[in-house]
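Shown next, in structure tokens, is the structure this report addresses.
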Amino acid sequence: MEDKKKYGFFAMLDRMQYINRWGLMRNNRFENIKEHSFDVAVIAHALAVIHNSLCDKGEESTKVDPNMVQSYALYHDCTEIITGDLPTPIKYRNETIKKAYKEVEHEAAERLVSHLPSEMASEYMDLLDPRYDDPSFENGELVGRLVKAADKISAYIKCITEEASGNREFSSAKKSTEKSIRKMGIRAADIFMENFVPTYGYTLDQINENK
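Sequential numbering of the sequence shown, starting at 47, is according to our numbering.
Shown next as structure tokens:
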């Protein structure tokens, strides 16, 4: 690494706090992608722990490193510093848009890592633009599925909190998000939804009483 050269990678990541999610929805409380990424990382780590501890059939018998899953989850939305948060109905409207957006995300990842010393760039490029389907990525597809499930669960929790504050804007999103989580068929996600998510709607006193 060159002495005294200034690199802006982490300063760029800090700007995630200025990009709000759910741009097409009326929010009682805005959620930025920086806090969302923390939530997804926490949930993804939990899903990996649940997967390793409680699931033991078929694909579920394959163990994953919770810390690795958490790392990919933490960086899963960083490219939105460049691209912005594209609403889900648009992002996944058809295969052409999905493919084009993937290319945009890849270019955004390259732009971000250009703010790093060359010795560090490949490590972070892998986190920013993971190739879960690459045969060289051990258990990559499973890692990707757990990160995706965590992302969806985080969105579902957002819907719960908005509904709890009296905002009916998220009612439809809550139903469709829950359906998509169930459709994934990930036992660890189902366990988290059944055992941990309900308390997100509790008051502080109810959480403390529910030990």
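Ideal Cβ positions, reconstructed from N, Cα and C, are used throughout, including at glycine.
Ends of the alpha helix (DSSP H) at residue 65?
Unbroken run through residue 65: none, as it is neither H nor E.
Relative to the C-alpha of residue 272, which candidate in 85, 110, 86 has its C-alpha closest?
Beyond the ends of the chain as shown, which are 47 and 257, falls residue 272; an answer cannot be given.
Quick check on the burial criterion: 16 or more other C-beta atoms within 10 angstroms. Buried or exposed for residue 51?
exposed
Got a sec? Which residues, its chain only, sit under 8 Å from residue 75 by beta carbon, not counting five neighbours each side?
Non-local C-beta neighbours of residue 75 in its own chain, meaning closer than 8 Å and more than five positions away in sequence, comprise 207, 208, 211, ordered along the chain.
Terminal residues of the alpha helix (DSSP H) in which residue 197 lies
For residue 197, the enclosing alpha helix (DSSP H) stretches over residues 186–210.
By a C-beta neighbour count over all protein chains shown, 10 Å radius and 16 as the cutoff for buried, is residue 166 buried or exposed?
exposed
As assigned by DSSP and simplified to three states, the class of residue 254
helix
Taking the alpha helix (DSSP H) that residue 89 falls in, what are its first and last residues?
79–100
Quick check on the DSSP output: the alpha helix (DSSP H) that includes residue 230 runs from which residue to which?
217–230
Keeping to the same chain, check which residues put their C-beta closer than 7 Å to that of residue 162; ignore five residues upstream and five downstream.
53, 55, 170
I need the straight-line Cα distance from residue 237 to residue 58, nearest angstrom please.
As the crow flies, the alpha-carbon of residue 237 is around 36 Å from that of residue 58.
Whose CA, out of 225, 204, 250, lies closest to the CA of residue 215?
204
Mind checking residue 197: buried by the 16 CB within 10 Å criterion, or exposed?
buried
Are residue 127 and residue 62 touching if we call contact CB-CB under 7 Å?
Taking 7 Å as the Cβ cut-off, residue 127 and residue 62 qualify as a contacting pair.
Quick one: using the 10 Å Cβ neighbour count with 16 as the cut-off for buried, is residue 259 buried or exposed?
The question about residue 259 has no answer here: the residues shown for the chain are numbered 47 through 257.
So, are the CB atoms of residue 125 and residue 155 less than 7 Å apart?
yes
Assuming contact is defined by CB atoms lying nearer than 7 Å, are residue 248 and residue 223 in contact in what I supplied?
no
What are the boundary residues of the alpha helix (DSSP H) that residue 115 is part of?
112–120
DSSP-derived helix/strand/coil call for residue 73
coil
Whole angstroms are fine: how far does the CA of residue 66 sit from the CA of residue 79?
Rounded to the nearest whole angstrom, the CA to CA distance from residue 79 to residue 66 is 6 Å.
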